Every structure is written in C-alpha cells, then in structure tokens.
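Accompanying notes for the structure given below.
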Amino acid sequence: EVQLWESGGGLVQPGGSLRLSCVASGFTFSSYGMTWVRQAPGKGLDWVSVISGSGGTTFYADSVRGRFTISRDNSKNTLYLQMNSLRAEDTAVYYCAKARTGSYSWLDLWGQGTLVTVSS
Amino acid sequence: QSVLTQPPSASGTPGQRVTISCSGSSSNIGINTVNWYQQLPRTAPRLLIFNNNQRPSGVPDRFSGSKSGTSASLAISGLQSEDEADYYCAAWDDSLNGVLFGGGTKLTVL
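If you read the sequences in order, they're chains A and B.
Heads up: the first sequence begins at 1 in my numbering, then just goes up one per residue.
Heads up: the second sequence begins at 1001 in my numbering, then just goes up one per residue.
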C-alpha cells in the first residue's frame, strides 16, 4: 500500500528539540522529493521544508531556517525533520508529503500528521 | 501572511457552481504551475488539481482548475454536501525558493 506514516510528535518546552520521522511505503522513495508542511491549530497550511530524492538539495521556509534540518535515509525509506530551538509558534500538526518530480508544490501523497506542542 | 491570496470563504447550494480564486505574482503563479488541495474536516489534505488543470485519478470531473497570468481558479460544478471543506492553492516561488500556500478558502454548502 502506498502510504506515509509520521511519528515523533509530542509536548516539548520552548527552546527544546524534537525529531520527526516519516516512513514511506509502496513507492520508490529515493526517486521523489519529500516535503514537510505544518498546520497550526485552526490555521492554514504552512510549508516548512523540502529535500530532493538524493538528499543533495534542500530548501527551508524563512521561519525555520537555521533551526530545523530536513534529511532522509533512502536505505530506510525514511524522512526526518530535526527541530531545534523550538518556539510556541512552531506548535502545529506536521505532515510529510511526497513531491512529484519537477514541481515541489505538487504533493500527491500525504501522511496523517503528527502533533507538536511547544509549551512550558 | 500568505503571498498567494484566496478569499477566506465561499458558499453555494447543492447543484450550483462555485469558483475559488488564487492571486499571486510573477515569481510564483506567473512562472510556475498551480496545485490545489482539499482538506476535509479533521483529515490530512489531499491533492485535488495538479499542473494548473489536471485531475488525479479518483477526483470527480466536477472539479476543474485554470490559470491565467498571475492568478488561478478552482471551479466546482454540481456542488455536493461532501464538497464542504477547506481548499488551498499552492505554487513554487522562485524568489523565495520555497512553496507558497494560499491562506485557504472554507467552502460551505448551504
């Protein structure tokens, strides 16, 4: 079955760190760019970061650059998001999504999301 | 604040046709393709339209997309109650080197 499954969310204090994982199945993981998109409670979609299929190219939203790091392990079909120096405004459901070749805004498969809450 | 501008809400009665607009600029919609996403209540988003006007398999042909210049539109014809959801446009921005989402439009079926 073609699917994405996120994990690693939870409650963390401001300034803390968390690492999210996204396990892929049912497709050739290394052939596709992968993206993280978040959604704060009651708010719209907010793009976070994207990584190319090889892992050699990454892009970040200004709001997370320097604090978050996207990476992937193609041998494990797994995408990661290392989140450091977390702030209250990072509280959101974090989705991983598969990006089609040639268009990083073309996201044809989404996970169910994992909730990150940053609070003291 | 989203750089892609959508109306916050839209509504229609069953059977009607509604359109949702998405306004961008020369660095995003003007030179890149637009994709649309549907998010039903308490679920993850799903791809609705890709490459401006293409439908993935499984998406009814009641949904259609178009693009002209720096704007795009999503049209839903024969409105049904199950279409009640949030709709988002998205495009790559060459100046920001990132994906932009519209602020989202909440569609209500009256």
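Glycine included, C-beta positions come from ideal geometry on N, C-alpha and C.
Treat the numbers as computed from the prediction; the structure is a model and nothing was measured.
To the nearest angstrom, how far is the alpha carbon of residue i from that of residue j?
| i | j | result |
| --- | --- | --- |
| T117 (chain A) | C1022 (chain B) | 31 angstroms |
| G1078 (chain B) | S105 (chain A) | 28 angstroms |
| P1045 (chain B) | F1063 (chain B) | 16 angstroms |
| S30 (chain A) | K98 (chain A) | 11 angstroms |
| S120 (chain A) | I1049 (chain B) | 40 angstroms |
| S17 (chain A) | G1069 (chain B) | 42 angstroms |
| A165 (chain A) | G1015 (chain B) | Chain A is shown from 1 up to 120; residue 165 (chain A) falls before or after that span and cannot be answered. |
| A92 (chain A) | Q39 (chain A) | 5 angstroms |
| C96 (chain A) | P1007 (chain B) | 26 angstroms |
| L1110 (chain B) | L11 (chain A) | 39 angstroms |
| Q1001 (chain B) | L86 (chain A) | With a pLDDT of 48 at Q1001 (chain B), under the threshold of 50, the predicted position of this residue should be treated as unreliable, though the coordinate-derived value follows. Roughly 21 angstroms between the two C-alpha positions. |
| G15 (chain A) | P1056 (chain B) | 41 angstroms |
| E6 (chain A) | T1013 (chain B) | 37 angstroms |
| L20 (chain A) | N84 (chain A) | 11 angstroms |
| L1047 (chain B) | N74 (chain A) | 24 angstroms |
| T1019 (chain B) | S103 (chain A) | 24 angstroms |
| T78 (chain A) | Y94 (chain A) | 15 angstroms |
| D1083 (chain B) | R1017 (chain B) | 12 angstroms |
Closer than 6 angstroms by C-beta to residue i: which residues in its own chain qualify, once you throw out the five before and the five after it? Chain order, please.
| i | result |
| --- | --- |
| G9 (chain A) | T114, L115, V116 |
| T58 (chain A) | I51, I70 |
| N1028 (chain B) | A1091, D1093, L1100 |
| K1106 (chain B) | S1009, D1086 |
| D1061 (chain B) | none |
| T101 (chain A) | none |
| L1004 (chain B) | C1022, G1024, C1089, L1100, G1102 |
| N1035 (chain B) | F1050, A1090 |
| N1032 (chain B) | A1091, W1092 |
DSSP beta-bridge partners for residue i?
| i | result |
| --- | --- |
| T65 (chain A) | Just to set this straight, residue 65 (chain A) is Arg in the shown sequence, not Thr. A:F68, per the DSSP bridge assignment. |
| K98 (chain A) | A:M34, A:L109 |
| F1050 (chain B) | B:Q1054 |
| D73 (chain A) | A:T78 |
| K43 (chain A) | BP columns for K43 (chain A) are empty, so no partner. |
| V1018 (chain B) | B:I1076 |
| Q1116 (chain B) | This structure cannot settle anything about residue 1116 (chain B), because the visible part of chain B is limited to 1001 through 1110. |
| A24 (chain A) | A:L4 |
| V118 (chain A) | A:V12 |
| G1012 (chain B) | B:V1109 |
What does residue i touch in chain A if you count any residue whose Cβ is under 9 angstroms from its own?
| i | result |
| --- | --- |
| Y1088 (chain B) | G44, L45 |
| P1056 (chain B) | D108 |
| G1069 (chain B) | Residues of chain A passing the Cβ test: none, with the nearest at roughly 18 angstroms. |
If the cut is a Cβ gap below 8 angstroms, which residues of chain A does residue i touch?
| i | result |
| --- | --- |
| A1044 (chain B) | Y95, W110, G111, Q112, G113 |
Among the residues of its own chain, which have a CB less than 8 angstroms from the CB of residue i, if the five just before and after it don't count?
| i | result |
| --- | --- |
| S49 (chain A) | T35, W36, T58, F59, Y60, A61, V64, F68, I70, L81 |
| S1066 (chain B) | N1052, N1053, A1072, S1073, A1075 |
| V3 (chain A) | Going by the sequence as given, residue 3 (chain A) is Gln instead of Val. Contacts found: A24, S25, G26, L109, G111. |
| Y32 (chain A) | G53, K98, A99, R100, T101 |
| S1081 (chain B) | P1014, V1109 |
Give me the chain B residues within the contact set of residue i, using Cβ-Cβ distance strictly less than 8 angstroms, ordered along the chain.
| i | result |
| --- | --- |
| A92 (chain A) | The contacting residues do not exist; A92 (chain A) stays about 13 angstroms from chain B at best. |
| V116 (chain A) | By Cβ distance, chain B contributes nothing, its closest Cβ being about 15 angstroms from V116 (chain A), past 8 angstroms. |
| A24 (chain A) | By Cβ distance, chain B contributes nothing, its closest Cβ being about 15 angstroms from A24 (chain A), past 8 angstroms. |
| F59 (chain A) | N1097, G1098 |
List the residues of chain B that residue i touches, going by C-beta distances under 9 angstroms, in chain order.
| i | result |
| --- | --- |
| V50 (chain A) | G1098, V1099 |
Interface residues of chain A around residue i at Cβ under 7 angstroms?
| i | result |
| --- | --- |
| W1092 (chain B) | S103, Y104, S105 |
State yes or no: is the C-beta of residue i nearer than 7 angstroms to some heavy atom of the ligand NAD?
| i | result |
| --- | --- |
| Y104 (chain A) | With respect to the ligand NAD, the structure offers nothing, as it holds no ligand at all. |
Here's a check: name, in chain order, each residue in its chain whose Cβ is nearer than 7 angstroms to the Cβ of residue i, leaving out the five neighbours to either side.
| i | result |
| --- | --- |
| L1040 (chain B) | A1085 |
Exercise. Please list the segments of the beta strand (DSSP E) lying wholly inside the segment 1052–1101 of chain B, counting only runs of 3 or more residues, in order along the chain.
Key: As summarised for the segment 1052–1101 of chain B, the continuous beta strand (DSSP E) elements at least 3 residues long and confined to that stretch are 1063–1068, 1071–1076, 1085–1093, 1098–1101, given in chain order.
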